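Q:
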Amino acid sequence: MKNSPGKHSQFLEGEEENSHESVLIHVVPENKSRWNHIEDLDSFFSRVYFYHQQHGFVCMMLQEIFELLQFAFIVGFSTFLLQCVNYKILFRDEFTGNITSKITLSDVIESPGECVYSFSLTMWICLSVALFFWILRLISVIYHFFQYSEIRCFYQSALQIGDKDLENLTWHEVQQRVRKAQQEYQMCIHKAELTELDIYHRILRFKNYFVAMINKSILPLNFKAPLLGETLFLTRGLKYNIEFLLFWGPWAPFDNRWHLRDEYKIANQRRQLAKDLSKVIGYIGILNFLFAPLVLLWQLLYAFFNYAEIVKREPGSLGTRRWSLYGRLYLRHFNELDHELQARLSRAYRPATHYLSGFSSNMVAIFARNFAFLAGAILAVLVLLTVYDEDVITVEHVLTLMTVLGAIVAGCRVLIPEENIVWCPENLMETILTQVHYLPAEWKDKAHTHEVRLGLARLFQYKAVYLLEELISPIITPFLLYFVLRPKAQEIVDFLRQFTVEVIGVGDVCSFAQLDLHKHGQAKWHACVSQTSDETRNSFQESLPVENDLEAEDGKIELSLIHFALTNPEWRPPEAAEEFLTAIKSLIQNELIGNPLIQRSMLSQGRGIPSIIHSLARSYSLVPNTNEIMRSRNYSLIGRGIAKREGPLGPHVLIENSSVIGGYGFSYIVAEE
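Mapping the sequence shown onto our numbering, position 114 (from 1) lands on 116, and the numbers just tick up by one.
#1: Is residue 331 near residue 213, with beta carbons less than 9 Å apart?
#2: Pull up the CB-CB distance for residue 417 and residue 366, whole angstroms please, since I reckon it's below 8 Å.
#3: Could you name the residues of the same chain whose beta carbon sits closer than 6 Å to that of residue 21, not counting the 5 residues immediately before and after it, in chain order?
#4: Quick check for students: name the residue ranges of the alpha helix (DSSP H) that lie wholly in the stretch 78-146, counting only runs of 4 or more.
#5: Roughly how many angstroms separate the alpha carbons of residue 378 and residue 408, rounded to a whole number?
#6: Do three or more CB pairs link the stretch 279-298 to the stretch 73-89 at distances below 8 Å?
#7: Can you grab the Cα-Cα spacing for the pair residue 128 / residue 293, in whole Å?
#8: Grouping DSSP H, G and I as helix and E and B as strand, with all else coil, what is residue 72?
#9: If you follow the beta strand (DSSP E) that residue 329 is part of, which residue opens it and which one closes it?
#10: What number of angstroms, rounded off, separates the C-alpha of residue 36 from the C-alpha of residue 354?
#11: Residue 509 lies in the alpha helix (DSSP H); which residues open and close that run?
#12: With DSSP as the reference, label residue 57 as helix, strand or coil.
#13: Give me the Cα-Cα distance between residue 301 and residue 580, rounded to the nearest whole angstrom.
#14: Beta strand (DSSP E) containing residue 422: first to last residue?
#15: Provide the residue span of the beta strand (DSSP E) that contains residue 357, from first to last.
#16: Leaving out the 5 sequence neighbours to the left and right, which residues in its chain are closer than 7 Å to residue 29 when beta-carbon positions are compared?
#17: Roughly how many whole angstroms lie between the Cα atoms of residue 225 and residue 95?
#18: Short check: CB of residue 266 to CB of residue 84, under 9 Å?
#19: What number of angstroms, rounded off, separates the C-alpha of residue 216 from the C-alpha of residue 241?
#20: Going by DSSP, what residue range makes up the alpha helix (DSSP H) through residue 453?
#21: Going along the chain, which residues of its own chain have a beta-carbon closer than 7 Å to the beta-carbon of residue 177, five neighbours each way excluded?
#22: In this structure, how does DSSP classify residue 258 when only helix, strand and coil are distinguished?
#23: For the stretch 563-587, which segments carrying the beta strand (DSSP E) assignment without a break, of at least 3 residues, lie completely within its bounds, in sequence order?
#24: Just to check my reading of the structure: residue 260 and residue 551 have Cβ atoms closer than 8 Å, yes? What is that Cβ distance to the nearest angstrom?
#25: Contact between the stretch 242-254 and the stretch 438-452: three or more CB pairs below 8 Å?
#26: Distance, Cα to Cα, residue 471 vs residue 403?
#27: Under 8 Å by Cβ, that's how I've got residue 303 and residue 313 pegged, so tell me the actual separation to the nearest angstrom.
#28: Rounded C-beta distance between residue 483 and residue 283? I'm assuming under 8 Å.
#29: Return the CA-CA distance between residue 525 and residue 152, expressed in angstroms with no decimal places.
#30: With a 10 Å radius around its C-beta and 16 neighbouring C-beta atoms as the bar for buried, classify residue 411 as buried or exposed.
#31: DSSP has residue 505 in a bridge; who is on the other side?
#32: So what does DSSP say about residue 38, is it helix, strand or coil?
#33: Pull up the distance between the alpha-carbon of residue 90 and that of residue 111, whole angstroms please.
#34: To which residues of the same chain is residue 88 closer than 7 Å at the C-beta, ignoring the five residues directly before and after it?
#35: In terms of residue numbering, what span does the alpha helix (DSSP H) encompassing residue 248 cover?
#36: On the premise that residue 168 lies in contact with residue 57, defined as a C-beta separation below 8 Å, what is that separation, rounded to the nearest angstrom?
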């Protein structure tokens, strides 16, 4: 898209006053001036996206209000349990003259005066800190109320979308209306039109940096711990601290959301900047250490109130799995929105669960069966006695014993493998790979080994492990910041300088997010793809990348480009990217007719190039009549911005069924005739 100064002229700083006579001023109508020249488009577009994903103004504010009330409830209820309940009377360890054979609530609960009088100095300090943070949260909720009121007005007036219509519109459709609104309202005055990539850049500016730093192993999140061996550790608390240090904190390299400080772009200042950043990381690490007891207390209380009922009702719930925070960043494409990533990982959830559940220890299974038998037998007797006489449950510790036995039985069942299951690890790994796209090349033909199983388990962890990591995060995070992240300050400074580019109308962005194949592409990808028709190969080979330290790992640029092109079919990529996409289609067409050269080339690459393209071509044997595909192009929509076919259909491709490209569930792509 060509850059345009837009319809508006502005005075430059330092211009003389008499220069205004030669400047044409465009007066914006009053009803449009509200959306004209929005200074912080990053925050604005992020709120527009978040507004759509959270189903509108009412749902968003209800969620924020209940989170505010939840914070107050946890603090208040915890204080009540600690200070206002006489546990000696409750457990009959102490008796008074007013105590009868039956204990009442009034006997156990202290009066408000006695309760407050019993507060210790530590309790008053904790309550004061909690009140301070609650007031900050209240101010934030009020601020968000006005922010999202403005976004609601933008949806209704500029986009012509009411809250009731949000459930029936995908984000892609909302984005197209935002692009049309740019032409009318000139939200960005530096460009007459906004491309899809411009909008993604602003929403995902810092997330793209984070993904790139993990891809290039800049952030030390994968390390060897004593007794544990190789470990991946990234929690919400650690991620929050890293983002605060690098992106939006007062000492961050970015002086606002869209501009990297000028000194970070100068190579001869790198050492001084690294020293300054190292000091800041050290101070933040010390600050985390000082506040660790309070944060740990909050984590424990929140986890108890949030998970206690779930564990009691479903003891096996902590044995289910979830994609780890590190895994979500490692597997994320550049320029991939949250709902797009979630859809892709959700499709990989079931095969990943089946794959990991196939690994079982025979010794553990034997212990589990026998412990389940013993616990189940005792539990069955207690249940029968309770059915016969309900007074049995009032016997001391009987209810506790039944609860513990039930948890033991449920836990043992998780460790016992299913009997009627055929386990095909290589097939399951291929299925996982077609959705997640990024897995180490050394895993090829080793899906049956415990080393590969442990590697995937680090990305797809038990909920119990996730909960444990979050609980110990306040203790571990200060040490990781001070002793692990702080020494990497020089590499972080160099990374920001080398991989930051300025885009007109957008600001400073991570260069990987530009999807520049020549600068950041992997040569082995293009060596494979270039084995297509002579006409395509001659035009494509001119833009082949050269192997260097600037290339992204695991073919992330190529896969991100394919993903972005398919999810935004109206986007017009640069010439080199267009030739690459054309070569991909040509490759698949050659695979359709069984070209042995292409097959040998793909097989020789193995998982070095994830089997996305190979799976695409392999599934071509199921291609129906092209006319049937064209008749199916009208797809229905569901909420949360995800179409049932999960993506728009572009003019250059026809997409159907479910498989691999771009994480969007496409079984094959054929050129449209």
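Ideal placement from N, C-alpha and C gives every residue a C-beta, glycine not left out. None of the values given here were measured: they were computed from a predicted structure.
A: Taking the coordinates as given:
#1: Taking the first residue of the sequence shown as position 1, residue 331 is located at position 329. Taking the first residue of the sequence shown as position 1, residue 213 is located at position 211. Result yes, Cβ atoms of residue 331 and residue 213 sit closer than 9 Å.
#2: For this step, residue 417 is matched to residue 415 along the sequence shown. For this step, residue 366 is matched to residue 364 along the sequence shown. Contact flag correct, Cβ pair sits at about 6 Å.
#3: Position 19 of the sequence shown, counted from the start, is the residue given in the question as residue 21. Residue placement at residue 21 is flagged as unreliable, the pLDDT there being 39, under the threshold of 50; the coordinate-derived value follows with that caveat. For residue 21, where only same-chain residues beyond five positions count, there are no Cβ hits under 6 Å.
#4: 89-92, 107-110 and 114-119
#5: Residue mapping note: residue 378 aligns to position 376 of the sequence shown, counting from 1. Residue mapping note: residue 408 aligns to position 406 of the sequence shown, counting from 1. C-alpha separation (whole angstroms): 8 Å.
#6: no
#7: Position 126 of the sequence shown, counted from the first residue, corresponds to residue 128. Position 291 of the sequence shown, counted from the first residue, corresponds to residue 293. Approximately 11 Å between the Cα atoms of the pair.
#8: Along the sequence shown, read from residue 1 onward, the residue named residue 72 stands at position 70. In the structure shown, residue 72 sits in a helix (DSSP, three-state: H, G or I).
#9: Here residue 329 refers to the residue found at position 327 when the sequence shown is read from its first residue. Segment 327-332 is the alpha helix (DSSP H) holding residue 329; no beta strand (DSSP E) there.
#10: As a first step, residue 36 must be located in the sequence shown, where it is residue number 34. As a first step, residue 354 must be located in the sequence shown, where it is residue number 352. In a straight line, the C-alpha of residue 36 is about 48 Å away from that of residue 354.
#11: The residue labelled residue 509 in the question sits at position 507 within the sequence shown. First-last for residue 509: 509-512, but that is the beta strand (DSSP E), not the alpha helix (DSSP H).
#12: Residue numbering aside, residue 57 sits at position 55 when the sequence shown is read from its first letter. Residue 57 falls in the coil class under three-state DSSP.
#13: The residue you call residue 301 lines up with position 299 of the sequence shown. The residue you call residue 580 lines up with position 578 of the sequence shown. Taking the straight line joining both Cα atoms gives about 49 Å.
#14: Mapped onto the sequence shown, residue 422 falls at position 420. Looking at the DSSP string, residue 422 is not in any beta strand (DSSP E), and its letter there is neither H nor E.
#15: Counted from its first residue, the sequence shown places residue 357 at position 355. Per DSSP, residue 357 belongs to no beta strand (DSSP E); it is in the alpha helix (DSSP H), 340-359.
#16: Taking the sequence shown and counting its residues from 1, one reaches residue 29 at position 27. Only weak support is given to the placement of residue 29: the predicted model assigns it a pLDDT of 48, under 50, and the value that follows is read from those uncertain coordinates. Excluding positions up to five away in sequence, the list is empty.
#17: Residue mapping note: residue 225 aligns to position 223 of the sequence shown, counting from 1. Residue mapping note: residue 95 aligns to position 93 of the sequence shown, counting from 1. Approximately 51 Å between the Cα atoms of the pair.
#18: The residue given as residue 266 occupies position 264 in the sequence shown. The residue given as residue 84 occupies position 82 in the sequence shown. For residue 266 and residue 84, no; Cβs fall outside 9 Å.
#19: Looking up residue 216 in the sequence shown gives position 214. Looking up residue 241 in the sequence shown gives position 239. Computed Cα separation, rounded: 12 Å.
#20: One-based indexing of the sequence shown puts residue 453 at position 451. Per DSSP, residue 453 belongs to the alpha helix (DSSP H) from 452-461.
#21: On the sequence shown, residue 177 is found 175 positions in, with the first residue counted as 1. 198 and 201.
#22: By 1-based counting over the sequence shown, the position of residue 258 is 256. Three-state DSSP puts residue 258 in a strand.
#23: none
#24: On the sequence shown, residue 260 is found 258 positions in, with the first residue counted as 1. On the sequence shown, residue 551 is found 549 positions in, with the first residue counted as 1. Between residue 551 and residue 260 the Cβ distance is about 27 Å, and since that is not below 8 Å, they are no contact.
#25: no
#26: Against the sequence shown, residue 471 aligns to sequence position 469. Against the sequence shown, residue 403 aligns to sequence position 401. Going by the C-alpha atoms only, they are around 29 Å apart.
#27: In the sequence shown, residue 303 corresponds to position 301, counting from 1. In the sequence shown, residue 313 corresponds to position 311, counting from 1. About 15 Å separates the two Cβ atoms, so there is no contact after all.
#28: Counting from one through the sequence shown, the residue named residue 483 turns up at place 481. Counting from one through the sequence shown, the residue named residue 283 turns up at place 281. Correct: roughly 6 Å between the Cβ atoms.
#29: Translated into positions along the sequence shown, residue 525 becomes position 523. Translated into positions along the sequence shown, residue 152 becomes position 150. The alpha-carbon atoms of residue 525 and residue 152 are separated by roughly 47 Å.
#30: To locate residue 411, count along the sequence shown from 1; it is residue 409. So residue 411 ends up on the buried side.
#31: Translated into positions along the sequence shown, residue 505 becomes position 503. Answer by DSSP bridge pairing, in chain order: 509.
#32: To locate residue 38, count along the sequence shown from 1; it is residue 36. The answer is coil: DSSP assigns residue 38 none of H, G, I, E or B.
#33: Residue mapping note: residue 90 aligns to position 88 of the sequence shown, counting from 1. Residue mapping note: residue 111 aligns to position 109 of the sequence shown, counting from 1. Taking the straight line joining both Cα atoms gives about 11 Å.
#34: For the purposes of this step, residue 88 is identified with residue 86 of the sequence shown, where counting begins at 1. The residues are 110 and 112.
#35: Here residue 248 is taken as the residue at index 246 of the sequence shown, counted from 1. Taken as a continuous stretch (DSSP letters only), residue 248 belongs to no alpha helix (DSSP H), as it is neither H nor E.
#36: Residue numbering aside, residue 57 sits at position 55 when the sequence shown is read from its first letter. Residue numbering aside, residue 168 sits at position 166 when the sequence shown is read from its first letter. Yes, they are in contact, since the Cβ atoms of residue 57 and residue 168 sit about 6 Å apart, within 8 Å.
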